[in-house]
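Residue numbers (the numbering used here): 2 to 1029.
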Amino acid sequence: LCRKLCQQHTIGVNKDAAEWSHLAQQLHTKCSADANDKSVQELWDNFENIDETLLLNFLLCFEHCRNSEAIVWFTKILHQFISRPSADPKSRLQLMAKLNSVSFLCKCLRWFLQKFDETDEMVDVIQALIPVIQIVGGVDGRFFMKVRFVGLLDICINVMCNVAQYPLTETLLDFLTFACRSGQNASALVKNEMMVPFLKKIFAECEKTTPAVMRKYAELLFLMAKPKKTRKSLVSQGIIPSVLELFQAFFGKDDDTSQINCNAALGTLRLLTSTISGRQNLVACNGLEIFRDLIRSFDESEESSPLCSHMYHSISSLCIRCLPMRPLPIENMKYPVDVPIVEIQHSIPDPPEAVSDSEDDISVAAGFLTDTDDETISHASQSEKPPIPLRMFQKETHWYRFLTRELDYGTLLSKDSTFGNVLAKQADNMLSEMADLENFMLESNQRQRRKSISSLREIRLSSKHRSITEQLLEKSQSGLPTWYHWIDYICQAVSTRSVIPFETLGYPDIHGCYPNLPQQKLKCYPNALLNMVGHLLERLESNKDYIPKVVYDLDQLVATRRTYDGSKFILNNDIVKLGRSNPDTTSLQFESRFEGGNLRKVGPYEYDLILTPDTNQMNEHYHTYYFQVSNMLTEISYTLNIINCVKTRSLYNSGMQPLVFSVTEALLGRPGWVRIGGNCVYYRNFYSRASSSAAAKSSETVTSYYTASFNVHFRHRYDICYFAYHYPYTYTMLKTHLVKTNQLLSLKKDIHFRTDVMCHTLSGNPVILVTVTELGDRIQLKSRDIVVLSARIHPGESNSSWMMHGMINYLISDHPFAKIARSKFIFKLIPMLNVDGVVNGNHRCSLAGKDLNRQWVAPERSVYPSIYHTKNLISYLHRIGRTPFVYCDFHGHSRKMNVFVYGNNPNLSWYNGDRLQKHGFEFYQFPEILDETSTAFELKYCAFTIKKNKEGSARVAVWRDTGISRAYTLEASYAGFDSGGYKGHQITTRDLIEMGEQFVESLVHLKKNVEQGKSPTRRFEIGAKQKE
């Protein structure tokens, strides 16, 4: 029956319209009567058989048939085929996408729209076609481009603007909204002469339209305003007064639909006011006065819904956006000290991270996409190919052979530890100088804080009589981070080289890894911006002639500093200063001149903080901070505003709080980093980014900084507190940890643990390579797979170091999985790739001012030594036939929750040649195991796309250069968890350390599955199951 139906299109268009309809109705009746009938199953099997032409011929019927009744039956049959139960339901959609079904369906829809005569038959066929097109288009990466090229957008607009049939209007609105997910389609709608006037007319007469339909119009306009290139055109066509009118029409109504309409209108206004003309238009329409009146009338005591809170947050944001722009209160945005690097080529800056710091989007059905979005296709020509990777020089082969010498000689002859021996000798040379240091510190402290020193000795020094290695062994076996003495840290800090000389050492860093504190709940403040904006506006109006007071200026301190002797010890005198006030001022006192510290300037008004830029940065990367605060009182609520952030979104608005470490609390026996801070909020401010790349491209674009604001009540008078964006982990902490681990392993004879200096950074700091495996000869090691792991390529992502810390401690423990892992793998670990960035408090760049995770294609040895040698080490292993089993680069994520990975699926690559590769979806297997092993891991947040702007990243470059299918980026949230067993909690160091341990366990499970020939379940493609 189906074949007979398909033969109709060969007879001729509409030659026998009645026969089309009769056969189609017969077929639909047969399929609907008994879905389990063998003949029906045979029909579906033939449809899914790629060698058969039955499905293709059926799709051709849509292009040739002109009978509306028959088309309705066709769509019902097609919908039955798509929606029938199956273990892999979306595979049929993928098949239809390959057969170009979207084009057949769109051409059919176009014909009926062109012939539309407002009859019920025409309405029925359009309403039947559009839902099926949207279902199939959802997995066709070229859908947006096909819709545009077929000409459907203009035809839909024409019908919608001239027909007053609400059922049909809603269907067309749904279609246009779906098509406007593409920025180019949104631009096409704005360019249509009928579209904007029609929307203005609808908004002016919104009382004639139901709220549900108005919601669709508002959402469509919001999508039209999302592309930056459309905003100026929309403003010039006078859309802002209409959007403001829409907002006022629905404001004050309690139903959800009205509040959604208000939020859509406010969202559109926020997009349009990113332009100068948009802000001027909103002010001219009295928008600022309208919003200020609404803020004054807000009653915080009344219970408000999330939609209402979001609405007032948007109103507050628009108030700030309408204020006159002003420059940041700092002379220049350069690093306080000139760091000349002759080899740097400043001609081509790294592309800025406009949407996300790792990946732009997360695609839930990524495994079924047949292509990328049409914008990506339009920018990548068919002849364009991936960049050519740098080839290793033959003369350097001997160096990488030395770094992997256990492969040639086994572990017995390669036990010497280059880095450990060097640091041990340095420590021995310092013993005579350090002999009296502890007594000196204790005596001077006793004069000031006898009681506190007593507590300090009890906390940190009571176990001195015990062997250090015994303590280390106990800590390692208990799963806690390796413990070290503060003198060990001071000894290692002497050899750490920085750009700006350090004045002190951070108290939390000196005393090592503190006991893990309990998880704290994510704490959202939905009305924080609303509460603050009124005060901010009043402050700006009443302080027009106010001369700013600066309480901390790093530039001035560096310029006036005396000569620095880098060979002397740097100490910490926080305990001496504890409880003492500054007689010269009542203001808070700040300090950031210690390892990893980042704070440049503080003042005026409340406490407006300006972060230090990355050294030699070409793009702005202000984000993370680490500084000390003192001279505080307990009866005052202090407000800290970090006013030069650049990311468009932050997890502060999702419940994350700053981290604070109190020295007094540590002396009282409660050491550790605690999440505190009230009214945490992140918003766009009125300080202009004159040097930004976006502003340079268009004089119409308004680009401003963002503010991270929070209130603090200090618990102890004249305490000394440290504030940090995330749990700090310094380079000196890493060095001290590795030296103490070497001491620990003197008691263990079955573990091969070796540290080598792989290379030196531009400042001369060693980049350390750690090798861990079980002792064995050359033959035994030949059967073990190699796993290469790296971390801290971005200095501000200290969560990656905590995961690596936990992994190292776990690998040297006696846990059964750790023993299996050592017997199955040779681990090559680079715990800190960007040492200079970590030491100098950078967020993203190295000393050369570049993002190292964009330099993996052809890294220059003289400028990016750590990337150059890491990539060549992996290439060397690949060349000698020891291609790593897994490569993973550890990162932190500033906009998403939980822990997840990014991988490489050739089917989802921007380059057409990649999609021809054959594979078994083995890149899904390890994330699936992590999802089962780890409470913190969330599979649904993973992504496997290969985008052109990620070609320079570690996971893509390593995959392309060596073919390692299991090359990943592991991302851990700065904030916490929104699903799984830890849902609703902020992340702790214990969670990160646990993730490092579970990563090793998952590797063991992965190895077992591969040996047993198990294939990935591909759960990612059909949606990960929700963990309890």
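Ideal placement from N, C-alpha and C gives every residue a C-beta, glycine not left out.
As computed with DSSP, GLN590 is found in a beta bridge with SER631. Runs of the alpha helix (DSSP H) lying entirely within the stretch 72-158 and spanning at least 4 residues, in chain order: 92-99, 102-115, 121-138, 144-151. Take LYS948, set aside five residues on each side of it, and the residues of its chain with a beta-carbon closer than 6 Å to its own are TRP911, in chain order.
Excluding its 5 nearest sequence neighbours in each direction, GLU332 has C-beta neighbours in its own chain below 8 Å: ASP556, listed in chain order.
Taking each of ARG498, GLN260, ILE296 in turn and checking the Cα distance to GLY765, the smallest one comes out for ARG498. Here MET196 carries a helix assignment [DSSP, helix/strand/coil]. As summarised for the stretch 488-541, the continuous alpha helix (DSSP H) elements at least 4 residues long and confined to that stretch are 508-511, given in chain order. Between the stretch 308-320 and the stretch 528-539 there are three or more C-beta pairs closer than 8 Å, enough to call the two in contact. With 16 or more other Cβ atoms from the protein chains shown falling within 10 Å of its own Cβ, PRO796 counts as buried. Burial state of ALA285 is exposed, judged by a 10 Å Cβ sphere holding fewer than 16 other Cβ atoms. For LEU641, the enclosing beta strand (DSSP E) stretches over residues 638-646. Your pair ILE794 and LEU748 does not check out as a contact, with CB atoms roughly 33 Å apart and the cut at 8 Å. Counted as a single uninterrupted DSSP element, the alpha helix (DSSP H) harbouring ASP294 occupies residues 288-297. Taking a cut-off of 8 Å for Cβ pairs, the stretch 574-590 and the stretch 662-676 touch, as three or more such pairs fall below it.
Counted as a single uninterrupted DSSP element, the alpha helix (DSSP H) harbouring VAL1005 occupies residues 990-1012. The residue from PHE886, SER966, GLN260, ARG845 with its alpha-carbon nearest to that of ASP915 is SER966.
Distances from the CA of PHE117 to each of ASN68, ASN835, CYS492 were compared; the closest alpha carbon is that of ASN68. Rounded to whole angstroms, the separation of the alpha carbons of SER791 and MET804 is 11 Å. Bridge partners of LYS602 according to DSSP: ASP554, ILE611. In the structure shown, TRP857 adopts coil according to DSSP, grouped into three states. Here GLY673 is buried: its Cβ has 16 or more other Cβ atoms, across all protein chains shown, within 10 Å. Excluding residues up to 5 positions away in sequence, TYR313, ILE316, SER317, CYS320, LEU531, VAL534, GLY535 lie with their Cβ nearer than 8 Å to the Cβ of ILE296 in the same chain. Here the alpha carbons of ASN642 and THR613 stand approximately 14 Å from one another. TYR313 is bridged by DSSP to nothing; it lacks a bridge partner.
Closest option to HIS844, judged by alpha-carbon separation, among PHE826, PHE886, SER799, HIS879: SER799. In the three-state scheme derived from DSSP, where H, G and I count as helix and E and B as strand, GLU798 is classed as coil. Residue range 212-226 is occupied by the alpha helix (DSSP H) that includes LYS217. Taken atom to atom, the span from the alpha-carbon of VAL713 to that of ASN287 is near 36 Å. Rounded to whole angstroms, the separation of the alpha carbons of LEU1004 and PHE927 is 8 Å.
Linking PHE223 to PHE687 through their CA atoms gives a straight-line distance of about 23 Å. In this structure, the beta-carbon distance from PHE826 to LEU940 does not fall below 7 Å. The beta carbon of GLN493 sits closer than 6 Å to the beta carbons of THR733, LYS736, THR737 from its chain, once the five residues preceding and following it are set aside; these are given in chain order. Of the candidates SER306, THR963, CYS66, the residue whose Cα lies closest to the Cα of HIS879 is THR963. Around the CB of GLN1013, fewer than 16 other CB atoms lie within 10 Å, so the residue is classed as exposed.
For the pair of segments examined, the stretch 875-892 was found not to touch the stretch 916-926: the number of CB pairs separated by less than 8 Å stays below three.
Exclusion of the five residues before and after GLY807 leaves ILE994, GLY997, GLU998 as the residues of its chain whose Cβ lies within less than 6 Å of its Cβ.
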